[in-house]
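J.: First the structure, then my questions, so here it is.
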Amino acid sequence: MFQRLRAGRRNREIIDAIYVDLVERARQPHLYEDAGIPDTVMGRFEALSIHVFLFLRRCREDKALRPVAQDVVDRFIADVDRSIRELGVGDQSVPKRMRKLAGIFYERVKAYDPAMDAEPGSGRLAEALRPRAVAPDAGEGAPQRLAAYMRETGNCLEAVPAAAILAGRLEMREAT
Numbered sequence: 001m002f003q004r005l006r007a008g009r010r011n012r013e014i015i016d017a018i019y020v021d022l023v024e025r026a027r028q029p030h031l032y033e034d035a036g037i038p039d040t041v042m043g044r045f046e047a048l049s050i051h052v053f054l055f056l057r058r059c060r061e062d063k064a065l066r067p068v069a070q071d072v073v074d075r076f077i078a079d080v081d082r083s084i085r086e087l088g089v090g091d092q093s094v095p096k097r098m099r100k101l102a103g104i105f106y107e108r109v110k111a112y113d114p115a116m117d118a119e120p121g122s123g124r125l126a127e128a129l130r131p132r133a134v135a136p137d138a139g140e141g142a143p144q145r146l147a148a149y150m151r152e153t154g155n156c157l158e159a160v161p162a163a164a165i166l167a168g169r170l171e172m173r174e175a176t
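So the sequence shown is numbered by UniProt numbering: it starts at 1 and just counts up by one.
In structure tokens, the structure reads:
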């Protein structure tokens, strides 16, 4: 029994370490200053959604990583739920808001996934980002800079060994 409790605690520590790393990456100032993500509550949701999406892409081909990916998504959803409550949304409104935000996240996944698979110079990723994650008043080239950042971060994540992920480490260099 105690071994299961210790294993559960260790798994939570692994997921928390990965999630904290993704959150820290989503808070990088250049995403808001240069890449056009609005510095708002929804902008921060968009930035974190991008990083969770990129992590899911890294994990999808490796069966051993699928449970970790699901746990990270569950942690993301729980964090969004907590954040909504902290913003003062009433308890009765939270489920409705959560359904809406989960729908937004999965819509992003469906839009970004084929765009990431497209040829890097095609502009498809920038076009997918423009109406979703980039502020309408962002400077010229912001969607392209965000797309380049996503591609670089995705490549960095692809280089992280599965063993490191299973240990809770995203040993990757900073994308710029």
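Just so it is clear, CB atoms sit at the ideal spot from N, CA and C, and this is done for glycine as well. Because the structure is a prediction, the values reported are computed rather than measured.
Buried or exposed: which applies to Ile-18, given that a residue is buried once 16 or more other Cβ atoms fall within 10 Å of its Cβ?
T.: With 16 or more Cβ atoms within 10 Å of its Cβ, Ile-18 is classed as buried.
J.: Can you tell me where the alpha helix (DSSP H) with Pro-131 in it begins and where it stops?
T.: No alpha helix (DSSP H) holds Pro-131; DSSP gives it neither H nor E.
J.: Assess, as a yes-or-no matter, whether the segment 97-115 is touched by the segment 49-59 under the definition of 3 or more beta carbon pairs within less than 8 angstroms.
T.: The segment 49-59 vs the segment 97-115: in contact.
J.: For Ala-64, which residues of its own chain have a beta-carbon under 8 angstroms away from its beta-carbon, when the five flanking residues on both sides are left out?
T.: Closer than 8 angstroms at Cβ, skipping near neighbours: Ala-162, Leu-166.
J.: Between which two residues does the alpha helix (DSSP H) carrying Gly-103 extend?
T.: Gly-103 -> alpha helix (DSSP H) spans 94-117.
J.: Less than 7 angstroms between the beta carbons of Arg-58 and Leu-146, yes or no?
T.: Cβ distance not < 7 angstroms, so Arg-58 and Leu-146 don't count as in contact.
J.: For the candidate residues Ser-93, Asp-79, Glu-46, whose alpha-carbon lies nearest to that of Val-20?
T.: Among Ser-93, Asp-79, Glu-46, the Cα nearest to that of Val-20 belongs to Asp-79.
J.: Using alpha carbons as the reference points, say which of Arg-25, Ser-49, Ala-118, Leu-125 lies closest to Asp-74.
T.: For the residues Arg-25, Ser-49, Ala-118, Leu-125, the minimum Cα distance to Asp-74 belongs to Ser-49.
J.: Note the first and the last residue of the continuous alpha helix (DSSP H) segment covering Asp-74.
T.: That run of the alpha helix (DSSP H) goes 66-86.
J.: By Cβ distance, which residues of its chain are closer than 6 angstroms to Pro-38, with the 5 residues on each side in sequence left out?
T.: Taken in chain order, the residues that qualify are Ala-135.
J.: Would Ala-115 pass as a contact of Ala-102 if the rule is Cβ separation under 7 angstroms?
T.: The answer is no: Cβ separation not under 7 angstroms.
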